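> Have a look at this one before I ask anything.
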Amino acid sequence: MDELRLQGLSGGKYYEIRLLYLPGACIAGVLGFLVDMPVISFIALCKSPYMLFKGWHRLFHDCIGREGPFLETICVPFAGLAILLWPLAVVGAVLGSIVSSIFLGAYAAVVAYQESSFWLGLCYIAASLSIYDEYSNDILDMPEGSCFPRPAYRKKAASVTSSRTPSFSRPQSFKKPPSRTSSLNAPMVELKSLELLDSLFKECRYYGEIMVSEGIITLKDIEDAKSNKDTGKVIRVGLPAYCILQGLIRSAKANSAGILLNDNVTEITSTNRPKDLVFDWFLNPLLIMKDQIKAENLSDAEEQYLGKLVLLSGDPERLRRSDIGSPPESEQRRAELDALARRLQGITRSLSRYPTFKRRFDSSMEIVIEALAKNNGDSDSGTGPRAVPRSRSMFARIFSQKSFKIRTSNHGSDLEAQPSVDRDVDII
């Protein structure tokens, strides 16, 4: 033993076992199990009826509108079976919550030992209830927040790693043509799902501002979107699909192997994509659509036509009444663009069911609602149409939304540096 103690491990690493904190950690783990399991089980049982009727409402809505799993005729029998078996899915979700509460509560022992504090272990027990409540609210599309407190249970809050900062630290102008060299020189960054969603919502606000100034988006569109009317698909589906289309066109022009984000630097590929399974369902179809757009070699007029088609396809009546530009003369070309628009709308409609998507998108549209409401009131009180100013204060307020977890200072200053544009439009 003396020789082993003196010799040690060649190139080995010593691990410190703090026996003093083991009893407190074990007590914290037991308390976490005793508290989290009954409380989380009670929360899951209370929310299970809402999950049952919410799921049935979604499935019947898709069945009537031939959306989601009912889009293809061959999938209708399986989708009908899903309606019948949905109660079993709810029971499985409740049982899964009960089982997961055991490990969620027992993790308090790990927190207490890592932080060398029994008090922080108790803080984690209270915070874990809030974490589960907020996550279940996001999954069920319920109002955000939780009635449980969420105290800090770490001495040092986890910060964004430095390897992720280059992904949103060097923005460029939207009007600047992307270059392939910047994409190649960009460091390999492992992206997170929330980063991609926040980037999409940022583009939605940016293009939403432009469409407000051009009179394409009206206050009625956003009100219909918030009330879940069919005519609100221009905002709920059309605007995100339009932003995704701009990203695909930008990537095709840059000869990118993946999909370029709005900073013309960060590239989403199969290697750095988020590890969530849901992104596997969307990334490959979008990459195929990007290659199709590149092969089509669209002209500027065709790009504008396709953009308006993607934006307004959710409202057929609005599409017939609107001037979306002259369609291509070739019927084959027109059919190809229509197919691209339908596929992109379908992908966006499925993506909108991602947890927290609706809440984050509604939060991102608040600035557009404020601008439209203000100008709508001005036009009612005045004698003529008023201009929709795209001022610096408006763009500054874009980036003050609390829904953003990853903030970019340079991109906000780049948008603020754009000149103010005043246009006379009638807000319908």
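Position one of the sequence shown corresponds to residue 793 (the working numbering), numbered consecutively onward. Glycine is no exception: its CB is placed at the ideal position from the N, C-alpha and C atoms. Here the structure is a predicted model, which means the values were calculated and not measured.
Name the DSSP beta bridge partners of L1052, please?
Bridge partners of L1052: E1059.
> Can you tell me which of the three DSSP states N929 falls into?
In this structure, N929 counts as helix in the three-state DSSP scheme.
> Just the Cα atoms here: how many angstroms apart are I917 and V1026?
Each residue's alpha carbon lies about 43 Å from the other.
> Mapping DSSP to helix, strand and coil, what is F940?
Coil, per DSSP.
> Measuring only the C-alpha atoms, how far is N929 from I1139?
Cα-Cα distance, rounded: 24 Å.
> Anyone know if the C-beta pair for A1033 and L876 falls short of 8 Å?
Not in contact: A1033 and L876 (Cβ atoms no closer than 8 Å).
> Measure the C-alpha to C-alpha separation of C855 and D1016 and round it to an integer number of angstroms.
If you take the alpha carbons of C855 and D1016, they lie about 22 Å apart.
> Is it right to say R1215 is buried, meaning 16 or more other beta carbons lie within 10 angstroms of its own, or is it exposed?
Its pLDDT being 41, under 50, R1215 is placed unreliably in this model, and the value from its coordinates should be taken loosely. Counting Cβ neighbours within 10 Å, R1215 comes out exposed, since fewer than 16 surround it.
> Just verifying my parser: in three-state terms, what is the DSSP assignment at S889?
Correct three-state label for S889: helix.
> Please classify C996 as buried or exposed, where buried requires at least 16 neighbouring CB atoms within 10 angstroms.
Buried, since its Cβ has 16 or more Cβ neighbours within 10 Å.
> Are M829 and G897 closer than 8 Å when you measure CB to CB?
Yes, they are a contact pair.
> Under the three-state reduction of DSSP, which class applies to T1010: helix, strand or coil?
Coil, per DSSP.
> Please list the terminal residues of the continuous alpha helix (DSSP H) segment that includes R850.
Note, R850: alpha helix (DSSP H), L814 to G857.
> Which word fits C838, buried or exposed, when buried means at least 16 other C-beta atoms lie within 10 angstroms of its C-beta?
Result: exposed.
> Would you tell me roughly how many angstroms separate the C-alpha atoms of W1073 and R1028, rounded to the nearest one?
Their Cα atoms are separated by approximately 20 Å.
> Would you kindly work out how many angstroms separate the C-alpha atoms of S975 and R1110, rounded to a whole number?
In this predicted model, S975 has a pLDDT of only 40, less than 50, meaning its place in the structure is not dependable; the value taken from the coordinates is given anyway. Cα-Cα distance, rounded: 38 Å.
> Between the beta-carbon of F910 and the beta-carbon of A919, is there less than 8 Å?
Cβ atoms of F910 and A919: not closer than 8 Å.
> Give me the Cα-Cα distance between K994 and S1091, rounded to the nearest whole angstrom.
So the two alpha carbons sit approximately 26 Å from each other.
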